[in-house]
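All the letters of the sequence shown, read from the start, carry residue numbers 0 to 220 under numbering that gives the first Met the number 0.
We put the CB at the ideal spot given by N, CA and C, even for glycine.
Predicted model, so just to flag it, every value in this text is computed and none were measured.
Worksheet: one structure, shown below.
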Amino acid sequence: MDNMLSQFDETTSSQAFSLQNDKLLKVALNGMTIQSKHGAMVAYQGDVTFTHAGGGGLGRMVQKAVTGEGTTLTKISGSGEVFLADTAKDIHIIRLQSDKLTVNGSSLLAFDAGIDWSIERMKGAGAMVGGGLFNTSLSGTGAVAITTDGPPVRLDVASAPTFVDPQAVIAWSSGVTVSIKTAMSAKNLIGRGSGESIQLAMGGIGWVLVQPSEGRPVAAG
0 MDNMLSQFDE
10 TTSSQAFSLQ
20 NDKLLKVALN
30 GMTIQSKHGA
40 MVAYQGDVTF
50 THAGGGGLGR
60 MVQKAVTGEG
70 TTLTKISGSG
80 EVFLADTAKD
90 IHIIRLQSDK
100 LTVNGSSLLA
110 FDAGIDWSIE
120 RMKGAGAMVG
130 GGLFNTSLSG
140 TGAVAITTDG
150 PPVRLDVASA
160 PTFVDPQAVI
170 AWSSGVTVSI
180 KTAMSAKNLI
190 GRGSGESIQL
200 AMGGIGWVLV
210 QPSEGRPVAA
220 G
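Here's what the structure looks like:
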């Protein structure tokens, strides 16, 4: 039986953030502190402490109240290994080097505590729609783990005019500019509506990551 299960053995890596598999993130703490999406821990080994990080300070709490951005974080510290996941979504690791990354808040899984973060509102959003127009900005040096609902595509925004569904966009690199494009008509209001009538126009220099999904439905409480 042990031989049959050997394919699921714990992986080894020299990096603090590594993939156990495409659905499971492994973090080797070794005395460091990280921040993760609240409730993302599925297992850990060693002497590990979890602390509710809330919104990351009064300023960010005010931002959350105004924007509705649901970035609730947990600080994880100690010595040991922690495994993180989010409803079996695909996990991807992006390593920043004195750079900036903007992520849809619901797609942010974990990041090094040394990375600074804030909530940003897209210019020109107004009060048209709520979801997807407030995002989390991460800057500094370190690892960021994000999730996607299926394998994403990375588009070079400088190669051609690029437009994305605000519910399907996952993240974009520094140097990318974002504005709102509308195509409102009676036809657009039939069906799901917002994904077709409102798009994000991506320009500048860099890339945008888009998942093959407009997000999973949230079950009513």
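The beta carbon of Val156 is closer than 7 Å to those of Val175, Met201, Gly202, Gly203, Gly205, Trp206 and Val207 in its chain, skipping five residues each way along the sequence. Close CB contacts of Ala52 within its chain, under the 7 Å cut and outside five residues either way in sequence, are with Gln34, Leu72, Thr73 and Lys74 (chain order). Here Ser173 carries a coil assignment [DSSP, helix/strand/coil]. Ranked by Cα distance from Gly113, the options Thr140, Gly104, Thr135 and Gln96 are led by Thr140. By alpha-carbon distance to Leu95, the top candidate from Val168, Leu137 and Gln166 is Leu137.
Taking each of Leu108, Gln198 and Gln6 in turn and checking the Cα distance to Lys180, the smallest one comes out for Gln198.
For Ser106, the closest alpha carbon among the candidates Phe7, Phe49, Val168 and Val81 is that of Val168. Counting other Cβ atoms within 10 Å of its Cβ, Gln44 stays below 16 and is therefore classed as exposed. When secondary structure is reduced to three states using DSSP, Gly104 falls in the helix class.
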